[in-house]
Amino acid sequence: MSATTTTTTRRRARTLDRAAGVIERPRRSITLTIVMSVFLIYSFLPLAWLVISSTKTQEALFSSFGLWFSGPFAFVDNIVQTLTYDDGIFVRWLGNTLLYVVAGAGGATILATLAGYGLAKFTFPGKKAIFAIVLGAIAVPGTALAVPTFLMFSQMGLTNTVWAIIIPSLISPFGLYLIWVYAVDSVPTELLEAARVDGAGELRTFFTISVKLLAPGIVTVAMFAIVATWNNYFLPLIMLNDPGLFPLTIGLQQWNQQATGVGSDPIFHLVITGAFLTIVPIVIAFLLLQRFWQSGLSAGSVKQ
């Protein structure tokens with residue numbers, strides 16, 4: 081009798097364990113796995129082509145299969161030629177891009193943080209109107225504002241200067257909205273009131289308490305601003321004429337255009353290598369900041 085009871089108990093325990101295991105195991109979907117695999121291949125195929133093509137000479141570039149290595153391994157030579165071609169103009173373009181990113185994206189992140197935090201934690205007349213304006217500004221594409229911005233900057237004498245790129249880059253309605261939404265839940269109002277009761281001013285409360293709580297959101301906004309400024313093409317195209325002020329996007333396009341017209345001098349292997357060098361800083365930034373970036377994106381997705 082005792083042995084039968086023990087066996088029954090063990091069977092029930094194994095049944096409960098299997099049931100618990102089924103619940104705890106993540107759900108698997110063959111369809112979703114196939115879709116994600118196709119999406120992964122679609123995303124990485126151009127990157128693989130770029131990396132492989134940057135190791136080829138210009139002759140091997142057109143006489144071999146694009147997704148496999150061929151000819152002499154010219155990766156280092158291509159990098160050296162890219163950095164030294166035309167008196168090192170690529171390095172100048174890289175420096176210009178870094179300047180636009182640091183001043184433009186950095187300024188946009190700071191302004192979005194200050195404005196979003198103020199809108200989330202302070203009450204003042206016209207707040208709803210500002211909310212509607214910010215939402216409307218998000219819906220307007222940047223290319224639609226490029227020509228009016230050019231006309232305004234032309235009257236001010238700022239075209240063909242670094243300010244023609246930096247000043248428009250300081251405005252980030254989406255970043256402001258993201259900080260606004262993030263600050264509503266991540267910075268408790270009770271905590272701010274407690275700090276004020278203890279005698280802390282608004283600036284001290286913001287820099288010692290709020291900034292730490294807003295860090296994931298700030299990093300997320302910074303990443304969006306960095307990518308937008310780094311890949312900015314249309315605005316520099318219409319604002320700049322001096323090759324010494326070009327960012328990498330416009331400079332590489334200028335190299336690409338050397339292959340057309342009378343007396344053309346195609347340098348496609350340098351264009352490809354330059355494109356490869358251009359994406360390296362963005363990839364490094366994503367890898368270093370992905371932890372903060374992911375937490376910032378998921379913030380507010382679960383209502384407690």
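Mapping of the sequence shown onto the numbering used here: position 72 corresponds to residue 152, and the numbering continues sequentially without gaps.
Positions of the beta carbon are idealized from the N, C-alpha and C atoms, including for glycine.
Please read these numbers as outputs of a predicted model, since none were measured by experiment.
Looking only at C-alpha atoms, which of the options sits nearest to residue i?
{"i": "D322", "options": "Q161, V160, Q338 and V242", "result": "V242"}
{"i": "I159", "options": "E139, S133 and T177", "result": "S133"}
{"i": "G175", "options": "A365, G324 and Q370", "result": "G324"}
{"i": "F385", "options": "F204, P361, L369 and W335", "result": "Residue coverage of the chain in this structure runs from 81 to 384, which leaves residue 385 outside it and unanswerable."}
{"i": "L294", "options": "V360, S123, K201 and I330", "result": "K201"}
{"i": "D265", "options": "P228, T111 and L199", "result": "L199"}
{"i": "T389", "options": "L315, L368 and R371", "result": "For the chain, the structure presents residues 81 to 384; residue 389 sits outside this window and is missing."}
{"i": "T177", "options": "V307, F366, L141 and T340", "result": "V307"}
{"i": "L272", "options": "S290, V261 and A339", "result": "S290"}
{"i": "T137", "options": "P205, S150 and A192", "result": "S150"}
{"i": "G237", "options": "A305, T111 and L320", "result": "L320"}
{"i": "L147", "options": "A192, L125 and Q337", "result": "L125"}
{"i": "K292", "options": "S109, K207, T164 and T193", "result": "T193"}
Between residue i and chain C, is the shortest Cβ-Cβ distance under 7 Å, so that the two count as touching?
{"i": "T229", "result": "Absent from the structure: chain C. Only one protein chain is present."}
How many whole angstroms separate the CB atoms of residue i and residue j, which I take to be in contact at a CB cut-off of 8 Å?
{"i": "I245", "j": "Y313", "result": "The Cβ separation is near 11 Å, so there is no contact."}
{"i": "T358", "j": "L328", "result": "5 Å"}
{"i": "L130", "j": "A355", "result": "6 Å"}
message: So, does the region 341–350 touch the region 153–161, judging by three or more C-beta pairs under 8 Å?
response: Put simply, the region 341–350 touches the region 153–161. At least three CB pairs are less than 8 Å apart.
message: For the pair the region 177–194 and the region 249–260, tell me if three or more CB-CB distances fall below 8 Å.
response: The region 177–194 makes contact with the region 249–260; the number of CB pairs closer than 8 Å reaches 3 or more.
query: Looking at C-beta atoms only, is the number of pairs between the region 226–239 and the region 291–303 that lie closer than 8 Å three or more?
result: Between the region 226–239 and the region 291–303 there are fewer than three C-beta pairs closer than 8 Å, too few to call the two in contact.
task: Mind the definition here: the region 193–212 touches the region 256–264 only if three or more C-beta pairs lie below 8 Å; say whether that holds.
output: Yes, the region 193–212 is in contact with the region 256–264.
- prompt: Do three or more CB pairs link the region 214–226 to the region 277–288 at distances below 8 Å?
  reply: Put simply, the region 214–226 does not touch the region 277–288. Fewer than three CB pairs are less than 8 Å apart.
query: What are the uninterrupted segments assigned as alpha helix (DSSP H) that are 4 or more residues long and contained completely in the region 269–307, given in chain order?
result: Fully enclosed alpha helix (DSSP H) runs of 4 or longer: 269–277 and 282–285.
Inside the region 185–248 only - alpha helix (DSSP H) runs reaching at least 4 residues: With a minimum length of 4 residues, the unbroken runs of alpha helix (DSSP H) contained wholly in the region 185–248 fall at 186–201, 207–219 and 222–236.
- prompt: Could you give the uninterrupted runs of the alpha helix (DSSP H) lying entirely in the region 109–157, keeping only those of 4 residues or more?
  reply: 110–133 and 138–143, all fully within the region 109–157.
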